[in-house]
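Novice: Quick one: this structure, given as structure tokens, is what I'll be asking you about.
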Amino acid sequence: MAANTETVMQRLFAIPQALTAAQVLPFGIVSRRFRHFKDVEPSLYPAFFQFQSPVRRTEGGVRKLPVETIGVSWFVYLAGSQDVNDVISPALNNYYDALSNALLTTSFVSGVAVLNGQHAGMPQTLGGLVTQCYKDGDGLTDEGLLETPSLIHIPIKILVGI
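The sequence shown begins at 912 in the numbering used here and counts up by one.
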């Protein structure tokens, strides 16, 4: 299974775009151009960024057929606490869960993301472009400090090949 990397990245990016279009998650900005939170105006929070890892790995898979691994990170910046008594975790948990669930349950019809179209537990293939696409590694939710935004990081692994 050979896939065009740019098409794979576009399909993955279509998932948070679909969440925004369906008004499931409001975002002030949804971008594939990663920015540090210091470079994002708070008026654009919640802000979503998809970051494609510069490192790729190829190794032998089934019957020694090569499998390429592409790493991607989803980052979300939300407003941080304004007071030491602010409880930020409900918003963080809602965004983290919605993005994680959409990664599991989004299907693609003619290249268009359809939310909740795939049964949970089925491998995400980004519409048949890849072998698997799934959360992998340590996710992060950080409530932020009084001077920083709240942060979500969802690490994603994409397997291309047999």
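Built from N, CA and C at the ideal position, the CB exists for glycine as well.
Please read all numbers here as calculations on a predicted model, not as lab measurements.
When you compare each of 1043, 977, 966, 936 to residue 959 by their alpha carbons, which one comes out closest?
Specialist: That would be 936, whose Cα lies nearest to the Cα of residue 959.
Novice: Under a Cβ-count criterion, where at least 16 other Cβ atoms within 10 Å of its own Cβ denotes burial, should residue 961 be classed as buried or exposed?
Specialist: The residue in question, residue 961, is buried, as its Cβ has 16 or more Cβ neighbours within 10 Å.
Novice: Should residue 1035 go down as buried or exposed, given a rule of 16 or more other Cβ atoms within 10 Å for buried?
Specialist: Answer is buried; the Cβ neighbour count reaches 16.
Novice: Could you check which residue in 1045, 1022, 1018, 1060 has the C-alpha nearest to that of residue 994?
Specialist: With distances taken between Cα atoms, residue 994 lies closest to 1060.
Novice: Quick check: what's the CA-CA separation for residue 1001 versus residue 932?
Specialist: In a straight line, the C-alpha of residue 1001 is about 22 angstroms away from that of residue 932.
Novice: Who pairs with residue 1034 in a beta bridge, going by DSSP?
Specialist: Note: residue 1034 sits in no beta bridge, so no partner.
Novice: Determine, using beta carbons only, whether residue 1011 and residue 1046 come nearer to each other than 8 angstroms.
Specialist: Their beta carbons are under 8 angstroms apart, which means residue 1011 touches residue 1046 by this criterion.
Novice: Between the beta-carbon of residue 1022 and the beta-carbon of residue 1039, is there less than 8 angstroms?
Specialist: No.
Novice: Report yes if the CB atom of residue 982 is closer than 8 angstroms to the CB atom of residue 964, and no otherwise.
Specialist: It is a contact, given that the beta carbons lie within the stated cut-off.
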